[in-house]
Amino acid sequence: MLASALAALLWGCASRPTNVLLPVAETSPSASKVEMLVATTRSRSSNPAEMFTGERGLAPSFAEITVSIPPASVRKVGEVA
Numbered sequence: 056m057l058a059s060a061l062a063a064l065l066w067g068c069a070s071r072p073t074n075v076l077l078p079v080a081e082t083s084p085s086a087s088k089v090e091m092l093v094a095t096t097r098s099r100s101s102n103p104a105e106m107f108t109g110e111r112g113l114a115p116s117f118a119e120i121t122v123s124i125p126p127a128s129v130r131k132v133g134e135v136a
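Next up, the structure:
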């Protein structure tokens, strides 16, 4: 039980992946696209591949993004790479 609690605390403090939102010019024609509205209390990042920093902003920030999802035939369902 103590080990589980300690592991949860460490995961909560772990760094997040960087540059995962780097825009790409083209996607597979068979990919589906999902438009998403984002609202956060984090500050905007100057790096477009991050969008937001880990620091709290002075006001809420909003963004609109489009995520392309490869067809199930070329990925495992539920897997994000």
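The sequence shown maps to residues 56 to 136 in the numbering used here. Using N, Cα and C, we set each Cβ at its ideal position, and we do this for glycine too. As the structure is a computational prediction, the values presented were derived from the model and not from experiment.
List the endpoints of the continuous beta strand (DSSP E) containing residue i.
{"i": "Leu77", "result": "Here Leu77 belongs to no beta strand (DSSP E), and DSSP marks it neither H nor E."}
{"i": "Ser98", "result": "Ser87 to Arg99"}
Out of the options, which has the shortest C-alpha to C-alpha gap to residue i?
{"i": "Pro78", "options": "Leu92, Glu134, Arg99 and Met106", "result": "Met106"}
{"i": "Glu90", "options": "Glu119, Ser128 and Glu134", "result": "Glu119"}
{"i": "Thr95", "options": "Lys131, Thr121 and Pro115", "result": "Pro115"}
{"i": "Gly112", "options": "Pro126, Ala80 and Arg99", "result": "Arg99"}
{"i": "Val129", "options": "Ala86, Asn74 and Ala80", "result": "Ala86"}
{"i": "Val75", "options": "Pro125, Thr121, Ala104 and Leu92", "result": "Ala104"}
Could you round the C-beta distance between residue i and residue j to whole angstroms and report it? I think they count as a contact, below 8 Å.
{"i": "Arg97", "j": "Thr108", "result": "6 Å"}
Could you tell me which residues DSSP pairs with residue i in its beta bridges?
{"i": "Arg111", "result": "Arg97"}
{"i": "Ser116", "result": "Thr95"}
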